[in-house]
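Listed in order, the protein sequences are those of chains A and B. All residue numbers for the first sequence refer to the working numbering, where the first residue is 1 and numbers rise by one. All residue numbers for the second sequence refer to the working numbering, where the first residue is 115 and numbers rise by one.
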Amino acid sequence: EPEVTQTPSHQVTQMGQEVILRCVPISNHLYFYWYRQILGQKVEFLVSFYNNEISEKSEIFDDQFSVERPDGSNFTLKIRSTKLEDSAMYFCASRTSGRAYEQYFGPGTRLTVT
Amino acid sequence: AQSVAQPEDQVNVAEGNPLTVKCTYSVSGNPYLFWYVQYPNRGLQFLLKYITGDNLVKGSYGFEAEFNKSQTSFHLKKPSALVSDSALYFCAVREAGSSNTGKLIFGQGTTLQVKP
Numbered sequence: 001e002p003e004v005t006q007t008p009s010h011q012v013t014q015m016g017q018e019v020i021l022r023c024v025p026i027s028n029h030l031y032f033y034w035y036r037q038i039l040g041q042k043v044e045f046l047v048s049f050y051n052n053e054i055s056e057k058s059e060i061f062d063d064q065f066s067v068e069r070p071d072g073s074n075f076t077l078k079i080r081s082t083k084l085e086d087s088a089m090y091f092c093a094s095r096t097s098g099r100a101y102e103q104y105f106g107p108g109t110r111l112t113v114t
Numbered sequence: 115a116q117s118v119a120q121p122e123d124q125v126n127v128a129e130g131n132p133l134t135v136k137c138t139y140s141v142s143g144n145p146y147l148f149w150y151v152q153y154p155n156r157g158l159q160f161l162l163k164y165i166t167g168d169n170l171v172k173g174s175y176g177f178e179a180e181f182n183k184s185q186t187s188f189h190l191k192k193p194s195a196l197v198s199d200s201a202l203y204f205c206a207v208r209e210a211g212s213s214n215t216g217k218l219i220f221g222q223g224t225t226l227q228v229k230p
């Protein structure tokens, strides 16, 4: 069964450093998402991406964040200058076309900013 | 604004007993509702969804959920719990509509503990 994959599983970085989190969505999916989950808190929407552009972003997704689909398979989330409060589990998700379909989530990348 | 509430942080049941994990939602239009399960160190796995039609929907692993529009609820149920059902369960909602990008709004999660 096709799966969403994410790398790395755990990333430790120092405050102020840039990080890139990588995701490979399910191959025939067209809609892509990033969510994050701070320890002990809700899963929060960050950004949605369709047709090679951002379709919606949350207040969390400020100028420090960017997304890219560089080669038709990978979907990346970049944080330019990490802060302590960026420490969280980051989930990538994808879904097929149509408005009602469920999203399939990757296993997540745990980002620890020190 | 859209929101989801899961009023119980933890639900404890004995193996073989029925289980219910509660969820209520708030959207301005028609809802699409989802349940996901998260096992330790794993991503969120889709369990079931309500889009339209029959209020009782069936999903993976014997789970089902009942959509109640008047109570704005979508409680997750299973007739006979298994120890292996122990996990973190999330309810999520998105608003139906052509302009919706499909983003999900999640509840805070409910830990289900099934004891032998």
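C-beta: ideal position from N, C-alpha, C; glycine also.
| said: What does the alpha-carbon distance come out to for the pair B:P145 and B:E209? | reply: Each residue's alpha carbon lies about 5 Å from the other.
| query | Hey, B:V125 and B:V207 are a contact pair by Cβ (cut 8 Å); roughly how many whole angstroms apart? | reply | Not a contact, Cβ separation roughly 20 Å.
| Is the region 89-98 of chain A touching the region 106-114 of chain A in the sense that three or more CB pairs, one from each, lie closer than 8 Å? | Touching, yes, given that three or more Cβ pairs across the two stretches are closer than 8 Å.
| request: Could you tell me whether any Cβ in chain A is nearer than 8 Å to the Cβ of B:K188? | output: Checking the sequence, you will find Phe at residue 188 of chain B rather than Lys. Residue contact check for B:F188 against chain A: no CB pair falls below 8 Å.
| said: By DSSP's criteria, B:A179 is part of a beta bridge. Which residues make up the other side? | reply: Paired residues: B:V171 and B:L190.
| B:A195 and B:V135 closer than 8 Å at C-beta | For B:A195 and B:V135, no; Cβs fall outside 8 Å.
| Is any beta-carbon of chain A found at less than 8 Å from that of B:L218? | Yes - at least one Cβ of chain A is within 8 Å of the one on B:L218.
| Residues of chain B with a CB under 8 Å from the CB of A:T24: which are they? | Reading off the sequence shown, one finds Val at residue 24 of chain A, where the question assumed Thr. Here the premise fails: no neighbours, minimum Cβ distance about 13 Å.
| said: I need the straight-line Cα distance from A:G98 to B:L147, nearest angstrom please. | reply: C-alpha of A:G98 to C-alpha of B:L147: approximately 15 Å in a straight line.
| field | Segments assigned beta strand (DSSP E), at least 3 residues, entirely inside the region 69-100 of chain A | value | Scanning the region 69-100 of chain A for uninterrupted beta strand (DSSP E) segments of 3 residues or longer gives 75-79 and 88-95, listed from N- to C-terminal end.
| task | Kindly indicate if chain A contains any beta-carbon less than 8 Å away from that of B:Q222. | result | So yes, B:Q222 belongs to the interface.
| query | Between the region 145-160 of chain B and chain A, which residues of the former have a C-beta closer than 8 Å to a C-beta of the latter? | reply | Per Cβ criterion, the list reads Y146, F148, Y150, N155, R156, G157, L158, Q159 and F160.
| said: My output table needs one value for B:S198: the three-state DSSP class, helix, strand or coil. | reply: DSSP places B:S198 in helix when its eight states are reduced to three.
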